[in-house]
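Here's the structure, in structure tokens; my notes come after.
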Amino acid sequence: MPYEVNLGKRSATVELIYQEGNQIKIAVDDKIYELDLVMVEEGIYSILLNNRSYNLELIRNGVGRKYTVNTYLRSYDVEIVDAETKYLRSREKSQFGEAGNRIFSPMPGKVVSIPVKVGFRVKPGQTLIIVSAMKMESEFKAKKDGVVKDILVKEGATVDGNQTLILLE
Amino acid sequence: MPYEVNLGKRSATVELIYQEGNQIKIAVDDKIYELDLVMVEEGIYSILLNNRSYNLELIRNGVGRKYTVNTYLRSYDVEIVDAETKYLRSREKSQFGEAGNRIFSPMPGKVVSIPVKVGFRVKPGQTLIIVSAMKMESEFKAKKDGVVKDILVKEGATVDGNQTLILLE
Amino acid sequence: MIKKVLVANRGEIAVRVMRSCREMDIRSVAVFSEADRKSMHVRYADEAYCIGPPPSVESYLNIDKIIAVAKRAGVDAIHPGYGFLSENATFSERCQNEGIIFIGPSPYSIATMGDKLTARKTMITSGIPVIPGTSEVIQNTQDARRIARELGLPVMIKASAGGGGKGMRLVHYEADLMAAVRAARSEAKAAFGDDTIYIEKYINNPHHIEFQILADSLGNAIHLFERECSIQRRHQKVVEETPSPLMNPRIREEMGHHAVAAAKAVNYQGAGTIEFIVDDDLNYYFLEMNTRLQVEHPITEQVVSVDLVKEQIKIAVGEPLSLKQEELRQNGHAIECRICAEDPDNNFMPSPGLILHMTEPLGLGIRHDGYVYEGYEIPHYYDPLISKLIVWGTDRDEAIRRMRRALLAYKITGIKTTIKFLERIMENADFKNGKYTTHFIEDHKNELLETERCDLQCEDVAIITAFIDYLTKLKKVSLSPPAVSSFTKWKDFGRKKGIQRI
Amino acid sequence: MIKKVLVANRGEIAVRVMRSCREMDIRSVAVFSEADRKSMHVRYADEAYCIGPPPSVESYLNIDKIIAVAKRAGVDAIHPGYGFLSENATFSERCQNEGIIFIGPSPYSIATMGDKLTARKTMITSGIPVIPGTSEVIQNTQDARRIARELGLPVMIKASAGGGGKGMRLVHYEADLMAAVRAARSEAKAAFGDDTIYIEKYINNPHHIEFQILADSLGNAIHLFERECSIQRRHQKVVEETPSPLMNPRIREEMGHHAVAAAKAVNYQGAGTIEFIVDDDLNYYFLEMNTRLQVEHPITEQVVSVDLVKEQIKIAVGEPLSLKQEELRQNGHAIECRICAEDPDNNFMPSPGLILHMTEPLGLGIRHDGYVYEGYEIPHYYDPLISKLIVWGTDRDEAIRRMRRALLAYKITGIKTTIKFLERIMENADFKNGKYTTHFIEDHKNELLETERCDLQCEDVAIITAFIDYLTKLKKVSLSPPAVSSFTKWKDFGRKKGIQRI
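If you're matching them up, the sequences are chains F, X, C and Y in order.
Residues 8 to 176, numbered by my numbering, are exactly what the first sequence covers, in order.
Residues 8 to 176, numbered by my numbering, are exactly what the second sequence covers, in order.
Residues 16 to 517, numbered by my numbering, are exactly what the third sequence covers, in order.
Residues 16 to 517, numbered by my numbering, are exactly what the fourth sequence covers, in order.
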């Protein structure tokens with residue numbers, strides 16, 4: 008069964024043709040690859056493709072089938088689009104509305120200040136919350152016009168990475 | 008509930024009195040310890056006892072509740088004796104008879120030769136099987152008088168560590 | 016002799032100090048905040064004491080608590096590392112009063128060098144070149160304008176209590192002067208509680224070159240040559256090397272003499288660093304003195320063959336210096352890269368979190384001073400430095416090549432790090448040619464932040480690997496019967512430890 | 016120039032060679048047996064080719080297969096590492112014939128030094144001291160008796176094709192002579208297919224000291240001082256150090272001259288080692304030449320500041336030596352400990368298996384040449400060396416203390432290792448005083464194998480930790496609902512990676 012797999016903005020069609028031990032034959036779009044692929048440590052893969060030795064690190068991310076894949080040169084976001092992914096996407100949307108309505112910090116830290124209140128009208132670029140981590144302060148801003156629907160944390164609170172801090176609508 | 012815990016040949020009675028997060032109060036025989044105990048990596052524990060910093064490695068071994076515990080100075084075999092342990096012990100005994108009847112190599116390797124056959128009478132110290140690993144040959148010998156009941160491997164075979172190779176009776 | 020040392024610090028420097036203690040048969044005592052129970056310095060120490068909540072002011076900066084632990088544990092001495100209390104004259108004095116050896120300079124040395132304007136005046140008195148500028152406090156706006164005109168623009172306005180770029184303003188046009196003075200004053204007041212400012216001429220194409228010094232309690236002082244620290248981002252050093260590609264033997268000797276004189280001018284005792292600003296013509300000016308061990312001290316250790324922490328301890332117990340200036344040589348070349356938990360692709364946003372996996376580079380010429388480990392969660396309370404990768408080579412070219420191969424093999428997943436960014440510095444032509452100033456990172460921002468694309472095949476391999484991982488997990492889920500004994504699963508996990516063939 | 020090198024080896028030495036290649040911008044090609052798919056050299060190389068089943072004769076010793084890969088991958092040169100084909104004259108010759116550079120000496124040098132009796136005769140001709148004894152084959156028992164009487168007992172009977180202690184017999188009493196000759200002959204025949212033997216005087220209190228040499232294709236040769244390798248178990252080196260605590264400058268210079276002369280006597284080219292037997296009075300005798308890189312080469316690299324693999328490659332392409340004898344110095348002291356997968360408490364039984372967990376020592380003066388990693392399963396087909404821990408210190412005392420602190424911090428679980436055994440060597444008074452011969456381990460067996468007991472408190476902590484681990488697992492099992500989504504569990508696993516608070 009062919010799957011849709013996204014790498015950054017690219018969408019590829021992938022189908023496994025054959026698998027026996029490490030040996031894999033697989034189609035990515037119109038190309039067919041035969042490779043020797045093995046997980047050597049948790050999340051670390053060694054791949055031999057035409058005798059070239061590749062080392063890839065895979066980080067499985069939060070919800071869904073999302074990966075961060077580190078190659079020799081750079082890091083990619085890869086997502087396997089299956090039924091559950093589609094379901095989660097629709098759920099996420101119904102929960103938070105459009106993308107950009109959920110304000111969060113990618114890293115854990117401490118809330119320094121929240122210069123807005125529930126009901127405030129905000130403009131793109133307006134600072135909504137300031138979070139401090141590792142002796143550095145980061146400002147998180149509105150990406151579009153909106154109204155502050157909910158503020159889920161208090162000043163001085165310690166927050167997790169990816170935790171929803173403020174909801175706009 | 009007090010448990011029996013064996014360390015080498017020593018048998019101790021252990022009872023957990025209190026546990027909250029890392030903080031533990033526990034009785035070992037007639038001594039009571041209060042310590043701060045936390046697993047920092049898989050199988051690696053950091054313990055603070057009266058502010059002394061201990062680092063212990065725990066290796067969980069095969070069947071039952073057996074551990075190898077590496078302390079600063081030496082390595083110990085520790086076993087928690089619970090109902091399942093007792094059951095497993097009796098099962099092991101019924102399966103292999105007395106200890107010493109099961110001949111095995113602690114490490115994986117290749118069987119070089121088996122100088123006995125089924126039905127042979129053997130004496131203590133008599134070589135039953137020779138296994139080669141890492142360019143070195145190791146001989147495994149009978150510990151007491153007996154008769155070769157079964158030979159479960161062939162010469163030239165690759166064997167796992169702890170795999171039963173020969174049974175005596 | 017010292018039998019037990021409390022290390023009033025955390026992170027890589029705490030572990031590094033304890034390593035030298037262990038080699039000297041000195042027992043080490045760790046202090047830790049509640050966020051640091053699993054931190055390596057707690058595991059590495061002989062004893063460990065919790066000193067309070069995660070914020071530094073309630074733990075690592077709390078003098079009373081640290082002194083209380085020192086007394087309870089019965090230590091002979093305290094090593095402050097760098098940062099935290101290392102340049103706090105009150106702490107040095109408190110140790111003195113409590114009869115605990117402070118492994119560092121006297122309160123007088125710290126205080127004199129800590130106030131930039133006092134330090135500046137002391138240097139002038141001792142005949143050490145300082146940047147042209149005021150040696151008096153700027154009292155009013157007339158003063159400021161007059162001095163700026165005398166020096167010629169551009170000028171730099173600096174806070175006397177300053178450090179780390181705070182309370183500093185660069186002024187190119189006279190029209191901006193008054194606003195800059197006001198801004199510097201209010202920033203200094205907010206940051207240090209002291210709005211004293213002064214003015215210096217701005218040095219074009221500045222190089223940041225510092226000299227390591229050692230001074231004993233008997234009045235002997237030596238320097239251990241220079242460190243080139245011009246690769247900076249926002250006044251924070253990123254890469255350091257020694258020898259400096261800019262230096263020549265004559266200037267090195269001259270600057271070394273001045274560095275030793277600067278230390279002697281404040282009766283310095285211990286390890287310290289004299290920072291200079293150097294221009295393209297090798298004119299050099301005293302910038303400030305760091306009255307402690309520097310983050311980048313290992314590169315000096317590599318080329319001069321010395322253990323600076325051991326020297327600090329020996330000086331603290333009153334031993335005379337065993338090293339002689341005339342016997343010291345620089346052997347080969349060393350580079351240090353600071354590996355930070357920051358996301359270079361996202362404006363260097365801090366990236367604390369759980370280390371999922373780590374592979375450290377090994378082999379010839381590699382030194383690694385770190386403190387994190389697989390499964391360690393880097394807390395967000397402290398600074399983002401997670402390790403220092405130090406290489407040694409017979410010459411600068413070999414050192415750069417070695418650093419490149421080491422960075423390439425260095426893998427940390429789970430958090431973002433500056434490893435790739437550092438790799439690009441090693442590949443930069445200006446860096447390779449040794450042609451750089453403190454503006455290097457700003458000037459080369461675009462190239463240094465550029466993300467190369469893999470070729471199509473490499474992208475496809477990334478897709479395939481993620482896809483196969485997904486399929487494997489899926490297969491496992493559907494195969495694993497729900498009633499399987501958890502003990503068996505645990506055993507399998509223990510045995511296979513996440514290792515599986517696909 | 017060389018652009019691509021095939022490394023005809025595995026384990027730590029393959030990775031070590033590839034590291035230097037990477038620093039020289041040379042691409043590396045790995046070959047691997049079916050047991051080594053996950054081995055680090057496959058992961059570290061730019062390209063990798065499977066060359067057959069696990070047994071070495073079918074893979075790493077198979078000349079045809081290796082040459083075929085070399086041609087397919089289009090390499091310019093082959094580096095043989097140590098062991099396997101490194102001292103195989105046929106392989107060196109085959110490379111020559113195929114137009115591939117062999118990074119090592121000529122077939123002639125290998126063959127001459129490989130036959131011990133021929134080497135012995137060549138050395139005598141060149142004026143290099145050899146152990147008193149025969150330079151002719153022992154033809155009959157009369158010869159043997161006559162020679163033994165001339166030399167005086169004890170004598171050593173050796174196989175000409177020998178190595179690693181095989182075909183060697185020590186004879187103390189004349190009555191045992193004939194039996195020993197027969198036994199040595201039959202053992203040599205079985206091991207090497209050649210029963211040629213000869214007789215040497217036995218040197219009392221022998222020290223094993225070797226000199227590193229480098230010789231280029233233009234006839235220049237230098238030595239890089241000695242390595243002391245007397246800490247041996249069953250003729251296998253366990254600990255090496257440089258400088259030798261036995262040595263003095265005059266003898267060092269003399270032996271160095273002889274080492275260079277020995278290399279020149281066989282028109283040697285590349286890196287090689289001249290092994291000497293030295294007695295307590297510093298009389299020294301040529302023992303044999305190893306015509307390859309030694310396992311213990313890193314200690315020389317540390318004190319002489321050189322990358323021997325790079326030197327090998329430069330010599331192989333015909334470059335003249337860049338190092339000059341008169342400029343070389345020994346800086347500080349280096350020690351190497353060989354970490355093996357063996358169980359010292361169980362007669363050093365091999366201990367292959369899965370590495371569950373590993374913590375490597377880091378910091379100042381530590382070099383680590385290894386190849387295993389967490390989750391790697393050490394195969395039982397190859398030798399038990401898993402890594403080499405090398406320390407450098409300003410003097411011998413510091414180096415020993417540093418090694419001790421490094422061994423203490425070095426943790427490998429899942430398999431048995433020799434780490435604790437090595438620690439006890441570092442703590443032995445005779446070792447610390449530098450008073451030891453090749454009998455050291457045999458003479459100190461009891462102390463070195465003694466297992467200290469923890470005190471009662473430490474034992475209790477072991478009991479408590481295992482018990483709490485057991486309870487935690489038990490609680491987890493009873494709490495975890497069987498219907499929980501496997502995907503969630505996997506996610507949790509990914510996030511927490513086995514880390515949990517209790």
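Glycine residues also receive a C-beta, built at the ideal position from the N, C-alpha and C atoms.
Under 7 Å from any heavy atom of the ligand PLP, does the C-beta of Asn169/F make it? Within the structure as shown, the ligand PLP is missing, as the structure has no ligands at all.
Is it the case that the Cβ atoms of Ile430/C and Gly368/C are separated by a distance below 8 Å? yes
Are Arg382/C and Gln309/C close, meaning C-beta to C-beta below 8 Å? Judged by their CB atoms, Arg382/C and Gln309/C are not nearer to each other than the 8 Å cut-off.
DSSP state of Pro365/Y mapped onto helix, strand, coil: strand
What are the residues of the region 414-434 of chain Y that lie near chain C, defined by any Cβ-Cβ distance shorter than 7 Å? Arg416, Arg417 and Arg420
Own chain partners of Ile224/Y with C-beta closer than 6 Å, once the 5 adjacent residues on each side are dropped: Glu241, Glu243, Ser259, Phe291 and Val293
Let me know the beta strand (DSSP E) ranges lying completely inside the region 78-142 of chain X, each 3 residues or longer, listed in chain order. Whole beta strand (DSSP E) segments, 3+ residues: 82-88, 109-111, 116-120 and 134-140.
Could you confirm whether any beta carbon from chain C is found closer than 8 Å to the beta carbon of Ser175/Y? no
Cβ neighbours of Asp295/C in the same chain (closer than 7 Å, five flanking residues each side left out): Asn220
For chain Y, is any of its Cβ atoms less than 8 Å away from the one on Ser145/X? yes
7 Å Cβ cut-off: residues of chain F touching Glu62/Y: Asn58, Arg59 and Ser60
Rounded C-alpha distance that separates Met55/C from Arg34/C: 12 Å
Report the option in Ala230/C, Ser232/C, Leu233/C and Lys181/C whose CA atom is closest to the CA atom of Asp209/C. Lys181/C
Near-chain Y residues of the region 296-324 of chain C (beta-carbon distance less than 8 Å), N- to C-terminal order: Pro313, Glu316, Ser320, Val321 and Asp322
Starting from Asp384/Y, find everything on chain C with Cβ-Cβ shorter than 9 Å and list it in chain order. Going along chain C in sequence order, the residues near Asp384/Y (Cβ under 9 Å) are Leu377, Gly378 and Leu379.
Over the uninterrupted alpha helix (DSSP H) stretch that includes Cys110/Y, give me the two end residues. For Cys110/Y, the enclosing alpha helix (DSSP H) has its first and last residue at Ala104 to Glu113.
Beta-bridge partners of Leu400/Y, as assigned by DSSP: Cys355/Y
Contact list for the region 31-47 of chain F against chain C, Cβ threshold 9 Å: Within the region 31-47 of chain F, contact with chain C at the beta-carbon level (separation under 9 Å) is assigned to Ile31, Ile33, Val35, Asp36, Lys38, Tyr40, Leu42, Leu44, Val45, Met46 and Val47.
Any C-beta of chain X under 8 Å from that of His395/Y: yes
Using the C-alpha atoms, what's the distance from Glu64/F back to His395/Y? 28 Å
Check whether the Cβ of Gly114/C lies closer than 8 Å to any Cβ atom in chain Y. no
Evaluate contact between the region 399-412 of chain Y and the region 34-46 of chain Y, counting only Cβ atoms and requiring at least three cross-stretch pairs below 8 Å. no
So Ala276/Y packs on Gly287/Y, CB below 8 Å; how close in whole Å? In fact, because the Cβ distance is near 13 Å, the residues do not count as touching under 8 Å.
Of the residues Phe147/X, Ala19/X, Val85/X and Ser97/X, the one placed nearest Ile110/X, counting alpha carbons only: Phe147/X
Is it true that the CB of Val90/C sits closer than 8 Å to the CB of Val32/C? no
Where Ile330/Y and Gly285/Y are concerned, what is the direct C-alpha to C-alpha distance, given to the nearest angstrom? 6 Å
With a threshold of 8 Å between beta-carbons, can Ser53/X be considered close to chain C, or not? yes
With 8 Å as the threshold, decide whether the Cβ of Glu49/F is near any Cβ in chain Y. yes
With distance defined between alpha-carbon atoms, name the residue in Ala85/C, Glu357/C, Glu49/C and Ala63/C nearest to Val72/C. Glu49/C
Cβ of Asn29/X within 8 Å of any chain C Cβ: yes
Thinking Arg81/F and Glu467/C are a contact (beta carbons under 8 Å), I'd like their distance in whole angstroms, please. 6 Å
Look at Glu465/C and Asn443/C and say whether their C-beta atoms are less than 8 Å apart. no
How is Cys36/Y classed by DSSP in three states: helix, strand or coil? helix
Could you tell me the distance, in whole angstroms, from the CA atom of Asp157/X to the CA atom of Glu11/X? 35 Å
Return the CA-CA distance between Tyr25/X and Glu326/C, expressed in angstroms with no decimal places. 47 Å
Exposed or buried, what is Asp79/C when buried is set at 16 or more other beta-carbons lying within 10 Å of its beta-carbon? exposed
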